[in-house]
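Residue numbers (the working numbering): 63 to 278.
Right, dumping it as structure tokens:
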């Protein structure tokens, strides 16, 4: 039979003062500091989430993919369909109170302001294979949110006399939010000699013209 292990006559070793302090700090961290850090992190995350969902809407304006132009007497008409979106995760709705445009001949000339006159839709007739403009509404505020973008088809009319001549035109469409700075979409339309001649010979006829990205 084996002999029992010797007994230490001094008894269990007492922890040093440094070890006691370290254990106390660890216990304090486990019961106070860590829960406090978690609570502060949760509060900051909640504050950020509230700010992200309630911040003012960030409205962006995209250029149309198609532009149709008309010579209506001395005035130039332009049918455009810009795209309005709200970026981010905000739940707020942006109110866009107006649309407008400025058209400037690339080869030189004064810019001409265009005013939004009406909203409408294009109806396609399979028999004639032609499009017909259908009036939908007068200009009115547009409600835009992250889940409800807007792409109104807008008829814009020049404020002053302007003939559509052959050449390229810088176009800037401007949307004005009720709260916030105006946003812009810039692009270029090209009118060739044949299109310009057709517009002059047949006032009221709308023709589609190429759209390309503005160089600037």
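No residue lacks a Cβ here, since even glycine has one placed at the ideal position from N, Cα and C. Just so it is clear, the structure is predicted and the values come from calculations on it, not from any experiment.
Does the distance from the C-beta atom of residue 164 to that of residue 234 stay below 7 Å? yes
Scan the stretch 133–178 and note each continuous beta strand (DSSP E) run of 3 residues or more that stays entirely inside, going in chain order. 137–142, 145–149 and 156–167
Relative to the alpha-carbon of residue 257, which residue among 172, 225 and 199 has its alpha-carbon at the smallest distance? 225
Would residue 61 and residue 125 be called neighbours here (beta carbons separated by less than 7 Å)? Nothing about residue 61 can be reported from this structure: the residues present for the chain run from 63 to 278 only.
At least 3 beta-carbon pairs within less than 8 Å: the stretch 129–145 vs the stretch 203–217: yes
Quick one: Cα of residue 201 to Cα of residue 170, how far? 31 Å
Classification of residue 284 by the beta-carbon crowding that lies within 10 angstroms, buried from 16 upward: Nothing about residue 284 can be reported from this structure: the residues present for the chain run from 63 to 278 only.
For residue 263 and chain B, any beta-carbon pair shorter than 7 Å? Annotation note: the requested chain B is absent from the structure, which comprises a single protein chain.
Residue 186 classed as buried or exposed, judged by whether at least 16 other C-beta atoms fall within 10 angstroms: exposed
Tell me which residue opens and which closes the beta strand (DSSP E) that residue 246 is part of. 245–253
Three-state class that DSSP yields for residue 259 in the structure shown: helix
For residue 212, write down the residues that DSSP places opposite it in a beta bridge. 146
Identify, in the order they occur along the chain, each residue of the same chain with its Cβ nearer than 8 Å to the Cβ of residue 254, setting aside the five sequence neighbours on each side. 228
From residue 153 to residue 120, what distance separates their C-alpha atoms? 11 Å
Closest to residue 158 by C-alpha separation, out of 245, 230 and 264, would be which residue? 245
In terms of alpha-carbon separation, which member of 162, 167 and 272 lies closest to residue 180? 162
Nonlocal neighbours in the same chain, by C-beta distance under 7 Å from residue 167, ignoring five residues either side: 229 and 231
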